Amino acid sequence: MNFPFAPEQASNFAVEYDTLFYLITAFTVLTTLFVFVLCLGLIIKYKRGSGKPEDRRNPMHHNTVIEIASSGGFLSIGLFIFVWGAKMYLDMRQPPANAMEINVIGKRWMWHAQHDNGVRENNELHVPVGVPIKLTMISQDVIHSFYVPQFRVQFMVVPGRYTQMWFTPTKAGKYNLFCAMHCGTQHSEMGGYVYALEPKDFAKWKETGGNRFQPKPELPAAAGKQLYDDFMCGSCHTEKDNQRAPSLYGLYGRQRQFTDGSTMVADHDYIRQSLLAPEGKINKGYESMMQPYSFTEEQILELIEYIKTLGTPVPTQVAGGAQ
Amino acid sequence: MTTHVATEEKNYLQEGHTLASWLLTKDHKRIAILYLISVSFFFFVGSIAAMMVRLELTSPRGTLMSNETYNKAFSAHGVVMVFFFLVVAIPAIFGNFLIPMQIGARDLAFPRLNLLSWYFYMAGGIMFLIAMMSGGVDAGWTFYTPMSSIYSNGQITLALVGAFVVGFSSIFTGVNFIATIHKMRAPGMTWWRLPLFVWGHYATSLIVILGTPVVAITLLLVVFERVAKIGIFSPELGGDPVLFQHMFWFYSHPAVYIMVLPGMAVISEIMACFSRNKVFGYHFVALSSLGIAALSFIVWGHHMFVSSQSMYQGIFFSFTSFLVAVPSAIKVFNWSLTMYKGSVWLASPMIYALGFLGLFTVGGMTGLYLASVGTDVHVTGTYFVVAHFHYVMVGGTLLAFLGALHFWWPKFFGRMYPEGVAKWNAMLVFIGFNLTFLPQFVVGWLGMPRRYHYYYFAPEFQVYHVMSTLGASALAISLIVPAFYLTYSLFKGPKSPPNPWAARGLEWEAAASPPIKHNFHGVPVVVGDVYGYDAEAEELALRGMTKEEA
């Protein structure tokens with residue numbers, strides 16, 4: 079047996095995280111020691127029958143200065159930790175604009191990842207070192223939590239809405255991937271590994287379809303187009319707004335206005351809702367005509383990828399592996 | 115204070131020996147004994163489940179049970195310990211017995227409601243036991259949706275109804291305490307003469323009556339969704355799964371103060387008595403309980419920093435969580451300073467209280483890692499959290515419970531236990547506890563998620579699990595030993611004098627041990643300050659002197 083004492087530092091957050099972590103540890107140890115020494119000293123000095131009885135003369139039962147000073151001192155150190163922690167959290171919650179995007183789906187009891195060139199993997203995630211990675215995550219069933227201890231990142235993967243997290247791996251290696259939210263029978267086995275590869279190794283891995291899944295990786299956007307055609311979405315949603323339906327061209331990221339007067343930017347969640355429960359948000363000037371569709375989470379993500387390409391030229395190149 | 119105690123009179127234990135005289139009693143002291151027996155039983159059940167979990171975790175691949183059984187074992191441990199031990203134990207046993215006695219009342223304001231609360235507790239408890247035996251519950255004590263409402267098999271519905279019912283037992287007790295403390299104080303018992311035990315229970319009761327209805331309704335909504343498919347929390351039915359977490363933690367964070375404030379209340383009494391001193395900063399300690407009660411309602415979101423609530427909410431809840439740490443810190447400093455110029459008597463209740471101080475300090479300080487929104491991200495959902503709340507809940511509440519049991523045992527039963535054994539055992543509790551839970555901080559920091567049956571993905575965690583299980587075995591022994599010597603003392607223990615600790619307070623000074631049915635002869639009148647100890651005079655008396663001579 080070995081005695082590991084700290085998790086490896088393998089992401090951009092790890093060093094700062096650990097600095098704050100050890101600072102709180104120092105504060106904890108010092109405070110505990112202080113209470114321990116204080117109590118021990120008082121016990122020794124004032125143990126029943128020890129010392130001079132006169133030592134107990136004029137007992138002090140309150141001292142407002144001590145109360146205010148000790149709670150003020152404690153609070154100031156606390157607030158320092160709070161500010162630092164909050165700053166770190168804001169960094170963790172706001173992915174940089176140039177981040178590489180990967181979709182992640184959690185389902186009992188496995189992780190499924192889709193790379194932008196169509197490579198898919200299960201219970202593994204391959205990422206390049208030195209590149210910010212943004213995960214867009216959703217659950218097919220219950221709440222899961224995507225947790226990579228060596229990266230010091232974790233976020234819940236919730237059914238019915240997209241969540242995201244980001245990190246930049248800083249060191250090549252194999253790291254733990256855990257589900258950290260109890261999700262049922264095989265919760266403890268819903269895990270695997272994150273492989274951080276040097277950029278050139280990663281490029282090669284991605285190009286060859288992830289070593290494992292050789293057969294024809296398909297671009298998510300292309301798969302989305304196939305669905306779009308199969309379900310004949312285009313018969314109502316034409317290139318321009320018409321009487322039946324608003325156009326989906328240039329939809330992603332654009333402000334929408336609804337019949338109830340509310341507005342919203344068309345993002346992942348909006349498009350997903352509009353597929354599963356279209357009656358919920360009706361665009362201003364339209365009536366509720368569309369039926370709800372029950373797609374899987376993979377299909378929804380593919381449709382979103384396709385819709386993102388509308389209004390800009392549809393890419394013609396074929397995915398990674400094919401020549 | 116008036117004291118005229120007739121010793122030949124029947125005490126409350128001798129007022130009727132039939133089963134009906136117990137099961138239909140309206141005497142708050144007898145109801146406290148009913149609670150003592152039933153709470154001890156549930157504590158035993160919860161401990162068995164904990165030992166199953168600890169034994170299984172000595173190996174990364176498990177050896178004793180299936181995934182399903184493991185999940186049911188940790189769920190049973192959580193549900194039983196939280197809903198049937200921690201929330202109930204100190205208020206329903208010691209609060210019930212002592213609040214009327216400490217304020218000079220003959221009983222609680224609503225004796226029948228008090229008895230009803232015990233029946234609700236038993237009804238809820240039996241429902242949960244049936245649920246456990248007829249399929250079990252695997253959703254953890256937190257019952258997160260949509261797992262609990264849609265996906266989980268097993269007896270979730272019955273377990274939730276059980277928790278709902280037991281919630282009402284707490285509400286009844288809380289209402290009773292508030293009414294009693296407001297309306298039934300003896301002449302001269304002003305608010306600033308109330309023992310801190312009463313202040314602590316007053317704050318607890320406020321949280322109980324404001325928070326428990328929310329969780330009761332929430333659990334009922336899960337039942338509606340599960341049984342009638344009414345979409346509230348499941349997105350498939352049009353609900354929002356994170357809404358459950360908001361509603362659940364709106365109660366369940368204040369609930370950790372429901373569990374620990376009564377423990378703090380006990381510690382104040384023990385520190386005063388065994389330091390022979392007034393609790394340092396009495397007013398600050400009393401008001402800090404109310405401060406905790408108020409702030410506890412605006413910190414729930416710190417359980418949800420990675421749950422997809424907005425990041426600004428995260429920062430708000432982080433800030434309030436740092437604020438709520440302050441009143442607890444005030445208490446720890448004040449308890450320590452209570453020994454200043456005191457006469458420290460290291461009897462078994464005091465050893466438990468000092469153990470509480472140490473463990474609660476660690477528990478409270480490690481809360482800072484979790485209150486800080488950035489550092490929470492990596493350790494939330496890991497053994498770090500498990501270790502943290504066991505330091506607060508076991509190191510805090512359980513040690514206070516054991517301290518209270520030893521402090522007031524002669525008051526309850528008029529018998530003494532073997533003090534030497536009790537002292538050594540108190541130290542074993544402290545050591546066993548630290549051996550169990552210190553390694554869990556490290557393994558959580560390394561990244562071991564909680565509620566994991568297997569950890570073969572990361573076998574390097576094993577060494578810490580083995581250490582933890584060894585510690586849990588020591589802890590288990592240290593909990594079995596008092597069960598034996600306390601039971602033994604009931605029958606063979608030496609008779610205790612009315613006030614073996616020479617403690618101040620109406621329950622000791624104005625009543626017999628065990629007390630008579632109506633607690634006091636006549637109505638006690640309070641003239642002096644609370645905790646009127648005089649350490650100097652006692653030290654002089656030890657040396658055969660008086661203040662005048664010195």
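Chains as they are written, first to last, in this note's numbering: chain E, 79 to 401; chain W, 115 to 664.
Heads up, the beta-carbon is just placed ideally off N, CA and C, and yes, glycines get one too.
Because the structure is a prediction, the values reported are computed rather than measured.
Collapsed DSSP secondary structure at residue i in the structure displayed
i, result
"Pro596/W", "helix"
"Glu129/W", "coil"
"Tyr568/W", "coil"
"Cys261/E", "coil"
"Asn210/W", "helix"
"Ile360/E", "coil"
"Lys392/W", "coil"
"Pro206/E", "strand"
"Ile221/E", "coil"
"Asn176/E", "coil"
"Met303/W", "coil"
"Gln192/E", "strand"
"Thr117/W", "Interpretation of Thr117/W is limited by its pLDDT of 49, a score under 50 that renders its predicted location unreliable; the figure taken from the coordinates is listed afterwards. Three-state DSSP puts Thr117/W in coil, outside helix and strand."
"Val226/E", "strand"
"Val641/W", "coil"
N-terminal and C-terminal residue of the alpha helix (DSSP H) that residue i is part of
i, result
"Tyr505/W", "Tyr497 to Val506"
"Thr294/W", "Ile270 to Lys297"
"Glu621/W", "Leu620 to Glu623"
Short CB-CB distance (under 8 Å) between residue i and chain E
i, result
"Asp252/W", "yes"
"Tyr126/W", "no"
"Asn185/W", "yes"
"Thr116/W", "At Thr116/W, the pLDDT of 47 sits below 50, so the modelled position is not reliable and the matter cannot be decided from this model."
"Met479/W", "yes"
"Ala120/W", "Model confidence at Ala120/W stands at a pLDDT of 48, short of 50, so the residue's coordinates are unreliable and nothing is read from them."
"Thr583/W", "no"
"Gly556/W", "One point to set straight first is that residue 556/W is Val, not Gly, in the sequence displayed. Yes, because at least one Cβ of chain E sits closer than 8 Å to the Cβ of Val556/W."
"Glu123/W", "no"
"His635/W", "no"
"Glu533/W", "no"
"Gly249/W", "no"
Alpha-carbon to alpha-carbon, residue j and residue i
i, j, result
"Thr304/W", "Gly127/E", "34 Å"
"Ala281/E", "Pro174/E", "21 Å"
"Val396/E", "Arg198/E", "Residue confidence for Val396/E is low, a pLDDT of 41 falling below 50, so the modelled location carries little weight; the figure read from the coordinates is stated next. Cα-Cα distance, rounded: 15 Å."
"Met368/E", "Gln172/E", "35 Å"
"Gly561/W", "His346/E", "31 Å"
"Ala88/E", "Leu111/E", "32 Å"
"Lys609/W", "Ile244/W", "40 Å"
"Tyr253/E", "Gly270/E", "8 Å"
"Glu650/W", "Arg134/E", "5 Å"
"Val370/W", "Arg332/E", "45 Å"
"Leu335/W", "Val476/W", "37 Å"
"Leu272/W", "Ala163/W", "19 Å"
"Ser348/W", "Asp252/W", "18 Å"
"Ile159/E", "Arg350/E", "39 Å"
"Met581/W", "Leu549/W", "7 Å"
Range of the contiguous beta strand (DSSP E) that encloses residue i
i, result
"Gln232/E", "Val231 to Val235"
"Lys140/W", "Segment: none, Lys140/W is in no beta strand (DSSP E) and carries neither H nor E."
"Cys387/W", "Element bounds for Cys387/W: not the beta strand (DSSP E) but the alpha helix (DSSP H), Pro355 to Ser389."
"Asn200/E", "Arg198 to Asn200"
Bridge partner(s) assigned by DSSP for residue i
i, result
"Thr341/E", "Gln335/E"
"Gly251/E", "Ala274/E"
"Met215/E", "Val182/E and Thr241/E"
"Ser148/E", "The partner list for Ser148/E (beta bridge, DSSP) is empty, contrary to what the question assumes."
"Ser442/W", "In the DSSP output, where bridge partners are listed per residue, Ser442/W has none listed."
"Ile630/W", "Asn125/W and Asn633/W"
Minimum Cβ-Cβ distance from residue i to chain W less than 8 Å
i, result
"Tyr95/E", "yes"
"Pro85/E", "yes"
"Met259/E", "yes"
"Val272/E", "no"
"Ser366/E", "no"
"Thr109/E", "yes"
Any chain A beta carbon closer than 8 Å to residue i
i, result
"Pro327/W", "Checking the listed chains, one finds no chain A in this structure; the protein chains it contains are E and W."
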